[in-house]
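What follows is a short report on a single structure.
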Amino acid sequence: MSDNTIHTITINKADIPDGGMKSFKQDDDSILLITRDDSTYYAFDGKCPHAGADLGTGLRCGHRIICPWHHATFDSVDGSLLEPIATTGLTQYDLTDMGDSLTVNTGSKTDKTVKKNKLSDTRTIIVGGGGAGFMTAQQLRHSGYGGQITLITKEDKAPYNRPLLSKAFLAGNMPEEKLLLGGVDWAKNNNIDLRLSQVVREVLPNENAIIIEDGAGHSETQTADFLVVATGADPTIPPIKGANQSGVYTLRSMADAKAIKQATESKDVVIVGTGFIGMEVASALAQAGTSASVTVVGMGARVMENIVSETVSNALIKLHEDNGIHFVFNASVSEINATDGVISSVTLASGEQIAAEVVVLGTGVAPRTELFKDVNDDDGVQVDKHLQLRDGVYALGDIAKADSQIGRLRIEHWRVAMQHGLVTAAKILGDDTVDSLEARVPFFWTMQYGKSLRYSGHASTPDHGILFGSAEELNYIEYYFDDEGDNTRATAASSLGRDQELIAFGELLRRGVAPTRAQINAGFDIIDQAHALSR
Numbered sequence: 001m002s003d004n005t006i007h008t009i010t011i012n013k014a015d016i017p018d019g020g021m022k023s024f025k026q027d028d029d030s031i032l033l034i035t036r037d038d039s040t041y042y043a044f045d046g047k048c049p050h051a052g053a054d055l056g057t058g059l060r061c062g063h064r065i066i067c068p069w070h071h072a073t074f075d076s077v078d079g080s081l082l083e084p085i086a087t088t089g090l091t092q093y094d095l096t097d098m099g100d101s102l103t104v105n106t107g108s109k110t111d112k113t114v115k116k117n118k119l120s121d122t123r124t125i126i127v128g129g130g131g132a133g134f135m136t137a138q139q140l141r142h143s144g145y146g147g148q149i150t151l152i153t154k155e156d157k158a159p160y161n162r163p164l165l166s167k168a169f170l171a172g173n174m175p176e177e178k179l180l181l182g183g184v185d186w187a188k189n190n191n192i193d194l195r196l197s198q199v200v201r202e203v204l205p206n207e208n209a210i211i212i213e214d215g216a217g218h219s220e221t222q223t224a225d226f227l228v229v230a231t232g233a234d235p236t237i238p239p240i241k242g243a244n245q246s247g248v249y250t251l252r253s254m255a256d257a258k259a260i261k262q263a264t265e266s267k268d269v270v271i272v273g274t275g276f277i278g279m280e281v282a283s284a285l286a287q288a289g290t291s292a293s294v295t296v297v298g299m300g301a302r303v304m305e306n307i308v309s310e311t312v313s314n315a316l317i318k319l320h321e322d323n324g325i326h327f328v329f330n331a332s333v334s335e336i337n338a339t340d341g342v343i344s345s346v347t348l349a350s351g352e353q354i355a356a357e358v359v360v361l362g363t364g365v366a367p368r369t370e371l372f373k374d375v376n377d378d379d380g381v382q383v384d385k386h387l388q389l390r391d392g393v394y395a396l397g398d399i400a401k402a403d404s405q406i407g408r409l410r411i412e413h414w415r416v417a418m419q420h421g422l423v424t425a426a427k428i429l430g431d432d433t434v435d436s437l438e439a440r441v442p443f444f445w446t447m448q449y450g451k452s453l454r455y456s457g458h459a460s461t462p463d464h465g466i467l468f469g470s471a472e473e474l475n476y477i478e479y480y481f482d483d484e485g486d487n488t489r490a491t492a493a494s495s496l497g498r499d500q501e502l503i504a505f506g507e508l509l510r511r512g513v514a515p516t517r518a519q520i521n522a523g524f525d526i527i528d529q530a531h532a533l534s535r
């Protein structure tokens, strides 16, 4: 809460449901959240520390407070972080029981200082400054790890929020400094040896060692008690003639986003790919309003066709077209043409040409598993439910194929990467109170024109879905099944504007009791069921 908040707030006990929670907005725009279990009450800052959502508009399921926007989850008793995408727990305030009311002193915060004295004589090396690497270091320190932490990244910047490049930065809605994870002084404040612009040439898993190179070409071998490798993924370049020339871009890093932002001004832009990255780039460029035109070319018949149904896809297409985006479907680019080194058009397989001065490839990514070439297979590094390859060696994020509540998968989503960091830190510290991946489900979201489509779980196809609400009005929830069987349980759901229903679904999926097709068709009340099973 802000410094000018009124420090004493009186709350009527009767306003708080037993086993529930309620938020109270204050005059200074701060929010107080009260949770209750029988006759015991707890008070927290009610804004999610990730993006400021009112947690009272989310759901409480058992001891879990779940954010309505991005499903960050907090303990209802002490506010500790249970699930990212937040990176810290909730600020907790002291309160006084006044009989029929509670007095909360927001100027008196519960002291949650953790002594950093665990494993003080050990060293952890983290390779990669993305979500998984950052979250491992962050959670180690916040959980009391007192050893040395070295984080090595090939980038020249401290860890930053990569998903916001296409969701906000490219559109001009967020400055660069706001993307830094943990703030400008994160590494210094957490006593982390942050090594920028260094490349790990080799991982020696049997020796818990790495060989690194700096920008000058010098190499050295370093060993650690705990070695965490989270090298992420690189954009996939399709076999298009001319795809490697100047004027063709991919979006993975801050440098990429800056280059695209500059190059697309007053230019005809062609985006190749209709997945969520391609669609977010289209949305961002339309919102920025500086490009001459934006055309999206897709091999399929619709956008995000492996993720959502045709009905939802059509609604997204209309949203983009209403904002000036042009689409060419059932088409592939065979050549990117240039005149005197400057891109002039793209040629489709049909022979048709589309004017283009800039081309952005949103054609997927491939995991950077080359450092594990001796122990790797074609679909990621095989690790256990704690992300371990062997004792003391971990592989996280986009490169990891690991057990989760819904099976053994390799998933390229930011929140999953952060889950990996949370689980790995707990394993290093020997904390078995933190859930492994087997008790977690994937979640991602895409932001387009200020509308947030959220997705929980993992479905092999969106073609057996059941939709409620109106996709055209961007207010729906859609459940996905692997087949048409009545007793088949939903494996995923997507939603726009149905936040509590999607949270409830995620909680049921996490517990292994997602609703069946028959239950959904019979009018299953998913929110009531999530509450009931969590009591």
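Its first residue numbered 1, the sequence shown is counted upward by one per residue in this note's numbering. By construction, the Cβ of each residue, glycine as well, lies at the ideal position given by its N, Cα and C atoms.
Per-residue DSSP class, three states only, for residue i
| i | result |
| --- | --- |
| HIS542 | Residue 542 lies beyond the range of the chain shown here (1 to 535); nothing can be said about it. |
| SER313 | helix |
| PHE74 | strand |
| SER2 | The predicted position of SER2 is uncertain, since its pLDDT is 44 and thus under 50; a value taken from the coordinates is nonetheless stated next. Looking at SER2 - three-state DSSP - the assignment turns out to be coil, as it is neither helix nor strand. |
| SER30 | coil |
| VAL416 | helix |
| GLY337 | As written in the sequence, residue 337 is Asn, which differs from the Gly given in the question. Note: ASN337 maps to strand in three-state DSSP. |
| GLU83 | strand |
| PRO205 | helix |
| ALA356 | coil |
| ILE428 | helix |
| VAL303 | coil |
| ASN521 | helix |
| VAL342 | strand |
| SER143 | coil |
| ILE526 | helix |
| ARG510 | helix |
| ASP256 | helix |
| VAL365 | strand |
| VAL104 | strand |
| LEU422 | helix |
| LEU467 | strand |
| LEU95 | strand |
| THR136 | helix |
| LYS13 | helix |
| LEU348 | strand |
| LYS157 | coil |
Cut-off 6 Å between Cβ atoms - residues of its own chain near residue i, not counting five sequence neighbours on either side
| i | result |
| --- | --- |
| ARG252 | PRO235 |
| ASP398 | GLY232, ALA233, PRO367, GLU412 |
| ASP3 | For ASP3, the predicted model reports a pLDDT of 48, less than 50, meaning its position is unreliable; a value from the coordinates is still stated below. Cβ within range, chain order: n/a, list empty. |
| PHE134 | PRO159, LEU181 |
| ARG195 | ILE152 |
Residue i - partner residues in DSSP beta bridges
| i | result |
| --- | --- |
| CYS61 | ARG64 |
| ASP37 | THR40 |
| ARG454 | TRP445, SER495 |
| LYS25 | ILE31 |
| THR150 | ILE125, ASP193 |
| GLN405 | GLN405 pairs with nothing; no bridge assigned. |
Contact under 8 Å by Cβ, residue i with residue j
| i | j | result |
| --- | --- | --- |
| SER39 | ILE31 | no |
| LEU565 | ASP156 | What the structure shows of the chain is the stretch from 1 to 535, and residue 565 is not part of that stretch, so it cannot be assessed. |
| VAL346 | GLN353 | yes |
| GLN92 | THR113 | no |
| TYR455 | ALA492 | yes |
| ASN337 | TYR449 | no |
| ASN105 | HIS7 | yes |
| THR96 | GLY128 | no |
| GLY275 | GLY362 | yes |
| ILE325 | ALA286 | yes |
| GLY457 | PRO442 | yes |
| ASP225 | THR124 | yes |
| ASN12 | ASP94 | no |
| ALA282 | ILE271 | yes |
Same chain only: Cβ atoms within 8 Å of residue i, ignoring 5 sequence neighbours per side
| i | result |
| --- | --- |
| LYS267 | SER291, ALA292, GLU357, VAL358 |
| GLY144 | VAL114, LYS115, LYS116, ASN117, LYS118, LEU429 |
| PHE372 | VAL203, PRO205, VAL229, VAL381, LEU389, ALA395, ILE399 |
| LEU348 | VAL297, VAL328, ALA331, SER332, VAL333, SER334, ILE354 |
| THR516 | ASP486, ASN487, THR488, ARG489, ALA490 |
| SER344 | ASN337, ALA338, ALA355, ALA356, GLU357 |
Close-in-space but distant-in-sequence residues of the same chain around residue i (CB under 7 Å, 5 per side omitted)
| i | result |
| --- | --- |
| ILE477 | PHE468, GLY469, ALA493, SER495, ARG498, GLU501, LEU502 |
(request) Identify every run of the beta strand (DSSP E) within the stretch 258-294, keeping only runs that are complete inside it and at least 3 residues long; order them along the chain. (result) 268-272
(request) Would you mind listing the beta strand (DSSP E) stretches within the stretch 471-503 that are 3+ residues and don't spill past its ends, in chain order? (result) 475-480, 492-496
(request) Ignoring anything shorter than 3 residues or poking outside the stretch 368-402, list the beta strand (DSSP E) runs there in chain order. (result) 388-390, 393-395
(request) Any chance you could list the alpha helix (DSSP H) runs of at least 4 consecutive residues sitting entirely within the stretch 166-253, in chain order? (result) 186-189
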